[in-house]
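Participant:
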Amino acid sequence: MPTALPVTAPTDVQIGGRSWQEYTSDDLNRLTTASGNFVGRNDNGVGFNHSKYTLAMSYDSQHNITSKIQNHETATSTSATAVAGAWTQVEQTSYNLNYQDYGTANFDIAGYNSSNGYTQPHAPRKIVDQPNLAGCCDAANDPRVKTKTFEYDANGNQTRILSTICTATVADTLRVNLWDEENRLRAIDLNPSSPSGGGGGLHPIAIYTYDAGGERIIKQNATSVAIYENALQEGTTIKTDFMLYPSGMLVARPGENGALSYTKHYFAGSQRVSSKIGTTTNLGKFLQEWTLIENSSGEAPINLVSTSHNQLTVAETGVNHVYTQFNMPTQTFSSNTSFVPIAAFTATGTATEIYYFHTDSASVTLVPTK
Numbered sequence: 281m282p283t284a285l286p287v288t289a290p291t292d293v294q295i296g297g298r299s300w301q302e303y304t305s306d307d308l309n310r311l312t313t314a315s316g317n318f319v320g321r322n323d324n325g326v327g328f329n330h331s332k333y334t335l336a337m338s339y340d341s342q343h344n345i346t347s348k349i350q351n352h353e354t355a356t357s358t359s360a361t362a363v364a365g366a367w368t369q370v371e372q373t374s375y376n377l378n379y380q381d382y383g384t385a386n387f388d389i390a391g392y393n394s395s396n397g398y399t400q401p402h403a404p405r406k407i408v409d410q411p412n413l414a415g416c417c418d419a420a421n422d423p424r425v426k427t428k429t430f431e432y433d434a435n436g437n438q439t440r441i442l443s444t445i446c447t448a449t450v451a452d453t454l455r456v457n458l459w460d461e462e463n464r465l466r467a468i469d470l471n472p473s474s475p476s477g478g479g480g481g482l483h484p485i486a487i488y489t490y491d492a493g494g495e496r497i498i499k500q501n502a503t504s505v506a507i508y509e510n511a512l513q514e515g516t517t518i519k520t521d522f523m524l525y526p527s528g529m530l531v532a533r534p535g536e537n538g539a540l541s542y543t544k545h546y547f548a549g550s551q552r553v554s555s556k557i558g559t560t561t562n563l564g565k566f567l568q569e570w571t572l573i574e575n576s577s578g579e580a581p582i583n584l585v586s587t588s589h590n591q592l593t594v595a596e597t598g599v600n601h602v603y604t605q606f607n608m609p610t611q612t613f614s615s616n617t618s619f620v621p622i623a624a625f626t627a628t629g630t631a632t633e634i635y636y637f638h639t640d641s642a643s644v645t646l647v648p649t650k
């Protein structure tokens, strides 16, 4: 079932170019081949860049991908319709991937009568990546041949990715994922092979927190930062940042001088009509009238300050649990154990800009405000 998607060429003053995509599917509606080409102006505007690719997919009887082979070539020309010179293969995007070791797990899970337990028949545990070149490759000696190994938990969540070059016996761990009891991604370590502790390596990690409805409300990043002077590395450190998603109408992150920078969205029904950017210094403060909240169950009133502090302590414990799982030193938090309610919020922040969204186009109007 071939399908072709042509896109016409733009005029000289337009951005883009002419492209063509063609796809072929088998009787089970699985993509088997794809091909395409693109022609567009080059950087100096006096010639054309040509690009084309082919892709072939193979599957087993369980509909698992067994191979993915792509070839990508480029050329330049003074004509938009023909290439005078030779096509050059782009090695970075010309590859031959072989998917292996489906159904080789052995999880002892109730309800599965297989002698090997639960085998996860659709989870590949090995992908061999080699360039799509003629005569390639000697897997034992060619460093371009890379093998990625994947590990999963009993629920099918991917927990670890390892990589080896040629037939090396020692694998580098590329990524470690932690999952919670609801199968939600809890944390990611993108440099797990790095040593921890003083003088060791740095772990760029991300930690995610969810509300009771399963929506992500906090993303915390620990990013490695390197400092160089005269091309020499003078030091490294970890920069911690976070994003807050308290609702679909507000996104916030740390700003300068302890303030919180936020973007507040306004909707007319389901249509977003404007967004406001501002700062606030009132995050984490409690009004005196909020201190006690009536308990609908008839029990003692809820002390919002102490309850919030308990939740903060639980969150800090959860973050340190992630650091422990990643073999990293735990963190010391500067949480205030004695919140003092205030009489009123202080409006020291500023609403600096407002964006108005035009529903009839992709444009945006920026209105500076005081």
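So the mapping is simple: my numbering equals the position in the sequence shown, first residue as 1, plus 280.
Positions of the beta carbon are idealized from the N, C-alpha and C atoms, including for glycine.
Under a three-way DSSP split, which group does L567 fall into?
Facilitator: To locate residue 567, count along the sequence shown from 1; it is residue 287. It is a strand residue.
Participant: Whose CA, out of L454, P534, K332 and H343, lies closest to the CA of N309?
Facilitator: Looking up residue 309 in the sequence shown gives position 29. For the residues L454, P534, K332 and H343, the minimum Cα distance to N309 belongs to H343.
Participant: Let me make sure I understand the geometry here. Which of L512, G515, E462 and T503 has the alpha-carbon closest to that of R496?
Facilitator: Here residue 496 is taken as the residue at index 216 of the sequence shown, counted from 1. Out of L512, G515, E462 and T503, E462 has the C-alpha closest to the C-alpha of R496.
Participant: Around the C-beta of G296, are 16 or more other C-beta atoms found within 10 angstroms, so that it is buried, or is it exposed?
Facilitator: Sequence index remark: in the sequence shown, residue 296 carries index 16 (1-based). Classification for G296: exposed.
Participant: Just to confirm, is the Cβ distance from D272 to S443 under 8 Å?
Facilitator: This structure gives no information on residue 272, because the portion of the chain shown stretches from 281 to 650.
Participant: For the stretch 523–561, which segments carrying the alpha helix (DSSP H) assignment without a break, of at least 4 residues, lie completely within its bounds, in sequence order?
Facilitator: DSSP runs (the alpha helix (DSSP H)) wholly in the stretch 523–561: none.
Participant: Whether or not the stretch 311–319 and the stretch 336–355 are in contact is what I'm after, with contact meaning three or more pairs of Cβ atoms, one per stretch, closer than 8 Å; do they touch?
Facilitator: Verdict: yes, contact present.
Participant: Secondary structure at E371, three-state DSSP: helix, strand or coil?
Facilitator: Sequence index remark: in the sequence shown, residue 371 carries index 91 (1-based). Residue state, collapsed to three classes: helix.
Participant: With DSSP run on the structure shown, which of helix, strand or coil describes A336?
Facilitator: Your numbering for residue 336 matches position 56 in the sequence shown. Here A336 sits in strand by DSSP.
Participant: Can you tell me whether S588 is helix, strand or coil according to DSSP?
Facilitator: Start at 1 with the first residue of the sequence shown, and residue 588 comes out as number 308. S588 falls in the helix class under three-state DSSP.
Participant: Can you pull the DSSP bridge partners for H330?
Facilitator: The sequence position of residue 330 within the sequence shown is 50, counting from 1. V319 and A355, per the DSSP bridge assignment.
Participant: Where does the unbroken beta strand (DSSP E) through D460 begin, and where does it stop?
Facilitator: If you number the sequence shown from 1, residue 460 lands on position 180. Note, D460: premise wrong, no beta strand (DSSP E); not H, not E.
Participant: Can you grab the Cα-Cα spacing for the pair G479 / E536, in whole Å?
Facilitator: Here residue 479 corresponds to residue number 199 of the sequence shown, with the count starting at 1. Here residue 536 corresponds to residue number 256 of the sequence shown, with the count starting at 1. For G479, the pLDDT reaches just 42, beneath the cut-off of 50, and the residue's location in the model is therefore unreliable, leaving the point undetermined.
Participant: If contacts are defined as beta-carbon pairs under 8 Å, then V370 and H352 qualify, I think. What distance do you get, rounded to the angstrom?
Facilitator: Counting from 1 along the sequence shown, the entry for residue 370 is found at position 90. Counting from 1 along the sequence shown, the entry for residue 352 is found at position 72. So it is a contact: roughly 4 Å between Cβ atoms.
Participant: Would you identify the three-state DSSP class for Y490, choosing helix, strand or coil?
Facilitator: Mapped onto the sequence shown, residue 490 falls at position 210. Reduced to three states, the DSSP call for Y490 is strand.
Participant: Which whole-angstrom value is the C-beta distance of T356 and N322, which I expect to be below 8 Å?
Facilitator: Counting from one through the sequence shown, the residue named residue 356 turns up at place 76. Counting from one through the sequence shown, the residue named residue 322 turns up at place 42. T356 to N322, Cβ: 7 Å. Contact.
Participant: Is the number of C-beta pairs between the stretch 538–545 and the stretch 507–523 that are closer than 8 Å three or more?
Facilitator: Output reads no: the stretch 507–523 does not touch the stretch 538–545.
Participant: Helix, strand or coil: how does DSSP classify T429 here?
Facilitator: Against the sequence shown, residue 429 aligns to sequence position 149. It is a strand residue.
Participant: Can you give me the Cβ contacts of D306 inside the same chain, cut-off strictly under 6 Å, excluding the 5 residues immediately before and after it?
Facilitator: Indexing the sequence shown from 1 puts residue 306 at position 26. Only T312 meet the Cβ criterion.
Participant: Residues in the same chain with beta-carbon distance under 8 Å from F522, minus the five sequence neighbours each way, listed in chain order, please.
Facilitator: The residue labelled residue 522 in the question sits at position 242 within the sequence shown. Result list for F522: I498, K499, Q500, N501, R533 and P534, in chain order.
Participant: Apart from the five residues just before and just after W367, which ones in its own chain have a Cβ nearer than 6 Å to its Cβ?
Facilitator: Translated into positions along the sequence shown, residue 367 becomes position 87. Correct list, in chain order: E353 and A355.
Participant: According to the neighbour-count rule (16 or more other Cβ atoms, all chains shown, within 10 Å of its Cβ), is H330 buried or exposed?
Facilitator: Along the sequence shown, read from residue 1 onward, the residue named residue 330 stands at position 50. Buried, because 16 or more other Cβ atoms sit within 10 Å of the Cβ of H330.
Participant: Could you give the distance in angstroms between the alpha-carbon of M226 and the alpha-carbon of A486?
Facilitator: Because the chain in this structure spans residues 281 to 650, residue 226 falls outside the shown range and cannot be described.
Participant: Would you kindly work out how many angstroms separate the C-alpha atoms of F318 and Y333, rounded to a whole number?
Facilitator: On the sequence shown, position 38 is the one that residue 318 refers to. On the sequence shown, position 53 is the one that residue 333 refers to. Whole-angstrom Cα-Cα distance: 9 Å.
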